[in-house]
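Residue numbers (my numbering): 480 to 573.
C-beta: ideal position from N, C-alpha, C; glycine also.
The block underneath contains the structure these notes are about, expressed in C-alpha cells.
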C-alpha cells in the first residue's frame, strides 16, 4: 500500500470543495484505490491536502492517471487550481 499526498492550492476554496465532493466517486471508484480523504487548511483556507491510499504506485500512475477517470477528475476539480498540485507517494515505516 502507498499513500498519495497531494498539496493543492486553489483560487476559490468553496467552489473547489463542492467540486471535490461531486467528483469524489470518480477517484474512489478506481480499481486499486483503497480510500480518499481531502483536508482543508485552517490557517490557509485556500490550501488543501488530498490523501489517497492505493494498492501500489502503479495503481495510481497507470491505473488512474492514464485512464479516462483521471480526465474527468481533472475536468471537475482542475478549474480551481492556483498552480500544479505537488504530488508524492509515501509508505509506512515499521
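Residue(s) in a DSSP beta bridge with residue i
i: residue 527; result: 487, 519
i: residue 569; result: 482
i: residue 514; result: 532
i: residue 560; result: 489
Where residue i falls, given that 16 or more other Cβ within 10 Å makes a residue buried
i: residue 548; result: buried
i: residue 509; result: buried
i: residue 506; result: buried
i: residue 536; result: exposed
i: residue 481; result: buried
i: residue 569; result: exposed
For residue i, the first and last residue of its enclosing beta strand (DSSP E)
i: residue 495; result: Per DSSP, residue 495 belongs to no beta strand (DSSP E); it is in the alpha helix (DSSP H), 492-507.
Cβ separation of residue i and residue j, assumed to be a contact under 8 angstroms, to the nearest whole Å
i: residue 661; j: residue 489; result: In the structure as shown, the chain begins at 480 and stops at 573. Residue 661 is therefore absent and cannot be evaluated.
i: residue 558; j: residue 487; result: That pair is no contact at about 12 angstroms.
Endpoints, alpha helix (DSSP H) assigned at residue i
i: residue 553; result: 547-556
Under 8 angstroms between C-beta atoms of residue i and residue j
i: residue 575; j: residue 511; result: Given a span of 480 to 573 for the chain in the structure shown, any question on residue 575 remains unanswerable.
i: residue 492; j: residue 524; result: yes
i: residue 561; j: residue 501; result: no
i: residue 546; j: residue 532; result: no
i: residue 529; j: residue 494; result: no
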